[in-house]
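For reference, the structure is listed below as structure tokens.
2 protein chains.
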Amino acid sequence: MSQRDVDVSDFADAPRTVPSLQTLFSRQAVEKFEGGTAVFWEGDPASHVFEVVEGVLRVFKIISEGRRVITGFIYPGDLLGVSLKDHYLYTAEAVTTTKLRRFGRTRFQDEINHSPELRPQLFARLCDEMAAAQDQMVLLARKSAEERVASFLLIIARRLSGNRQAAPVIEIPMTRLDMADYLGLTIETVSRTMTKLIASGVIAPCGRHAVTVCKLGKLALLAGEADDEDKHVASADSVRRAVWPN
Amino acid sequence: MSQRDVDVSDFADAPRTVPSLQTLFSRQAVEKFEGGTAVFWEGDPASHVFEVVEGVLRVFKIISEGRRVITGFIYPGDLLGVSLKDHYLYTAEAVTTTKLRRFGRTRFQDEINHSPELRPQLFARLCDEMAAAQDQMVLLARKSAEERVASFLLIIARRLSGNRQAAPVIEIPMTRLDMADYLGLTIETVSRTMTKLIASGVIAPCGRHAVTVCKLGKLALLAGEADDEDKHVASADSVRRAVWPN
DNA sequence: CGGTCGGTTGAAGCGCATCAATCCAAGTGG
DNA sequence: CCACTTGGATTGATGCGCTTCAACCGACCG
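Protein chains in written order, with the UniProt record's numbering: chain A, 1 to 246; chain B, 1 to 246.
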């Protein structure tokens, strides 16, 4: 499952100039990680930056009493471990068998610093990551279990199909526990919610690690992706409200 | 309240070279926003980047049925609206009366691009922001009401005291509703939790918009800031576990 | 086979939301 | 100065959504 050739096309919305972030990594040897093994742990000295070639990783933090929070899943083409901190902020573990390329952190920084081509690409990635983090905060703060699961399905659907409108079949490489720890729920609630979505005909099971989306519109609705017009009503002249001298 | 001169010292852990991010803004005129007024709305064309000179802002998103999620509070010295997206991802509103400097987005980007001094500073800020976002995800996903409120108090305590160990008196410029929408709770729960913290002698009220911390250690404990040794046990040779071909 | 691991399903309980009343401080106008 | 208002905060009573605990199921494996 989740077997797919690395598609190197189709990344961030940065300008498509010649040297791309992945060409930076392309000379590096590929390392393989079996599912369940860690690439690095939270608190480790942050020695390297990684590019995912194939497979899916989970990135998480642990707090007291063994509570785990998965802050994100990392897909092929994504970078892993980019930060200026000298220790990793989280643990990264392979979900499926994973292939990575690695780059020394300081060398990576140098390359970025010296390349006016690469910099905006990296910057764009960070902004995307930030936007995703904010969406996740919204999900965790205010969405119901059903909305969370529906949102999750849409997120990974878009992830795999590279932003094209979600493919009908969604691969779910991670376990229910992973989903639960990502969505701030328990396994049981995730399971129950999934069966509810199946019962209502929104999705249909496709083995245990995939589903087909039957009613995409309904799914998006359940996810709380309000197509509200409200949101942009006042936008028009908002900035002008500020005292803008000159 | 929240009246304090802008202290321009003591920022990100970036190297303290001569031209700093705030000198970039220092020539810009200062604009004033009364509490409750918006600086920009989610979805507005992202025309400017702002530096907060004085006051506190809230940054939030609205989802269906008027549910609001505050993704962060912005303090003096912070930047606001930094992103490569061409529309703002969130609404920014003044909590208290606020003074800002503004910078055209493209010009800001140019300045950053041409200054090898400024770039790492901006990058460091983004990384800090990302780290904060991850902590917030942990809070929202797995912490109890009491842990959330305690965490919140510590966060803003550190914020105001510029990373020195939290000052005994914590200013809380925002309303309970703001706190609730930041912590993923309701006003009532926030209120109840605060009174509980007061009853247990951890904090003492200081008017409605400030508290004194009586038992800082207890507060940190309640916040779930586990001083676990567990976390770093396995860290030692973690990276070596990877197949690292020279 | 028994054993384990991930997943599903059921029953009971708890933590927080919801609804509603009250309070308090700061205006505001007569 | 005092009634009246208004917005934020507190406190109480009730209910619901999710967690918790526990049993069970199916697939895989030695």
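We put the CB at the ideal spot given by N, CA and C, even for glycine.
For residue i, I'd like the list of residues in its chain whose CB is within less than 6 Å of its CB, leaving aside the five on either flank, ordered along the chain.
| i | result |
| --- | --- |
| S20 of chain A | none |
| T23 of chain B | none |
| E34 of chain A | T97 |
| L139 of chain A | R148, S151 |
| A132 of chain B | none |
| Q134 of chain A | none |
| R241 of chain A | Any answer about R241 of chain A is weak, because its pLDDT of 38 lies below 50 and its placement is not dependable; what the coordinates show is given next. Around R241 of chain A: no qualifying Cβ. |
| G72 of chain B | V59 |
| G36 of chain A | none |
| E31 of chain B | L100 |
In this structure, how does DSSP classify residue i when only helix, strand and coil are distinguished?
| i | result |
| --- | --- |
| E188 of chain B | helix |
| T193 of chain A | helix |
| G43 of chain B | coil |
| R158 of chain B | helix |
| K218 of chain B | helix |
| P76 of chain B | coil |
| V53 of chain B | strand |
| R119 of chain B | helix |
| A204 of chain A | strand |
| residue 252 of chain B | Outside the displayed span of chain B (1 to 246) sits residue 252 of chain B, for which this structure offers no information. |
| G35 of chain B | coil |
Within 7 Å of any Cβ in chain A, is that where the Cβ of residue i sits?
| i | result |
| --- | --- |
| G55 of chain B | no |
| P214 of chain B | A small correction: the amino acid at residue 214 of chain B is Cys; Pro does not occupy that position in the sequence shown. Not closer than 7 Å to any Cβ of chain A, the Cβ of C214 of chain B fails to qualify, so no. |
| K99 of chain B | no |
| residue 247 of chain B | Here chain B has residues from 1 to 246 only, and residue 247 of chain B is not among them. |
| G184 of chain B | yes |
| S144 of chain B | no |
| K196 of chain B | no |
Which residues in the same chain as residue i place their Cβ atom closer than 7 Å to its Cβ, once the five residues preceding and following it in sequence are excluded?
| i | result |
| --- | --- |
| H48 of chain B | G81, R102, F103, G104, R105 |
| L118 of chain A | P19, L21, L24, E111, I112 |
| residue 250 of chain A | An answer regarding residue 250 of chain A cannot be provided, because it is not within the stretch 1 to 246 covered by chain A. |
| V169 of chain B | C206, A210, T212 |
Since residue i meets chain A, which of its residues come closer than 7 Å, beta carbon to beta carbon?
| i | result |
| --- | --- |
| T80 of chain B | Note that residue 80 of chain B is Leu in the sequence shown here, rather than Thr. Near L80 of chain B there are no residues of chain A at all, since even the closest Cβ is about 12 Å away, more than 7 Å. |
| F123 of chain B | L84 |
| K218 of chain B | Those within 7 Å of K218 of chain B in chain A number zero; the least Cβ separation is about 15 Å. |
Starting from residue i, find everything on chain A with Cβ-Cβ shorter than 8 Å and list it in chain order.
| i | result |
| --- | --- |
| M137 of chain B | V69, T71, A133, Q136, M137, L140 |
Leaving out five residues on either side along the sequence, give the residues of the same chain with a beta carbon under 8 Å from the beta carbon of residue i.
| i | result |
| --- | --- |
| S191 of chain A | R176 |
| T91 of chain B | A38, F40, W41, E42, V59, F60, K61, I62 |
| L89 of chain B | E42, K61, S83 |
| I70 of chain B | R58, V59, F60, D178, D181, Y182 |
| T186 of chain B | A180 |
Taking residue i and residue j to be in contact with their CB atoms under 8 Å, please state how far apart those CB atoms are, rounded to whole angstroms.
| i | j | result |
| --- | --- | --- |
| A210 of chain B | E147 of chain B | Contact flag wrong, Cβ pair sits at about 21 Å. |
| L126 of chain B | V52 of chain B | Actually they do not touch by this definition, with Cβ atoms about 16 Å apart. |
| R142 of chain A | R142 of chain B | The pair is not a contact, with the Cβ atoms about 16 Å apart (cut-off 8 Å). |
| D128 of chain B | H87 of chain B | Contact flag wrong, Cβ pair sits at about 24 Å. |
| A145 of chain A | V213 of chain A | With a Cβ gap of about 19 Å, A145 of chain A and V213 of chain A do not count as contacting. |
| L79 of chain A | F50 of chain A | 7 Å |
| S64 of chain B | G217 of chain A | Actually they do not touch by this definition, with Cβ atoms about 15 Å apart. |
Under 9 Å between beta-carbons, which chain A residues line up against residue i? List them in chain order, please.
| i | result |
| --- | --- |
| Y90 of chain B | Q134 |
| M174 of chain B | Under the 9 Å cutoff, chain A gives no residues; its nearest Cβ is about 16 Å from M174 of chain B. |
I want to verify the contact list: residues of chain B whose CB lies under 9 Å from the CB of residue i, in sequence order.
| i | result |
| --- | --- |
| L222 of chain A | Near L222 of chain A there are no residues of chain B at all, since even the closest Cβ is about 11 Å away, more than 9 Å. |
Does chain B have any CB closer than 7 Å to the CB of residue i?
| i | result |
| --- | --- |
| C127 of chain A | yes |
| I63 of chain A | yes |
| P19 of chain A | no |
So residue i contacts chain B; which residues on that side make the cut at Cβ distance below 8 Å?
| i | result |
| --- | --- |
| P116 of chain A | N113 |
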